[in-house]
Amino acid sequence: MERRFTDDEYAEMAADFEANPPTADEIVGEIEVNHAILRTGRPPKTAPARGKTPTTSVRLPQELRAQLEAVATAEGVAPAEVIRRAVGEYIERHSA
352 MERRFTDDEY AEMAADFEAN PPTADEIVGE IEVNHAILRT GRPPKTAPAR
402 GKTPTTSVRL PQELRAQLEA VATAEGVAPA EVIRRAVGEY IERHSA
């Protein structure tokens with residue numbers, strides 16, 4: 352069984368990373384962080400509660416809804432996940 356790090360060990364690693372960030376020659380390729388993709392969907396019911404997640408409803412034309420469902424099916428995710436990714440990407444691109 353793999354050993355898990357303690358909170359103190361994580362804090363120590365974070366402090367070390369902040370004090371000694373990686374240099375350009377230590378990084379291979381381009382690093383892209385997309386917070387919308389990092390999210391993996393609803394946590395399992397056995398996970399501890401982390402508060403309420405607000406919902407937002409939108410109306411979509413039937414053709415757009417069909418395209419949304421096709422993309423979701425092709426990617427093997429729920430339509431809501433495609434919407435979360437799209438909104439996250441839009442906000443990331445249009446933030447000041």
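Just so we're aligned: the sequence shown equals residues 352 to 447 in this note's numbering.
Idealized CB from N, CA, C, for every residue including glycine.
Outcome for residue i when other beta-carbon atoms lying within 10 angstroms are tallied against a minimum of 16
i, result
"V433", "buried"
Nearest to residue i (by Cα), restricted to the options the options
i, options, result
"T404", "V422, E383, R435 and R416", "R435"
"T407", "V428, Q413, V438 and A362", "V438"
"R444", "V384, E414, G427 and G402", "V384"
Whether residue i touches residue j by CB criterion (7 Å)
i, j, result
"P430", "A421", "no"
Under the three-state DSSP convention, the category residue i falls into
i, result
"E383", "coil"
"L411", "coil"
"R416", "helix"
"G439", "helix"
"T424", "helix"
"A400", "coil"
"R444", "helix"
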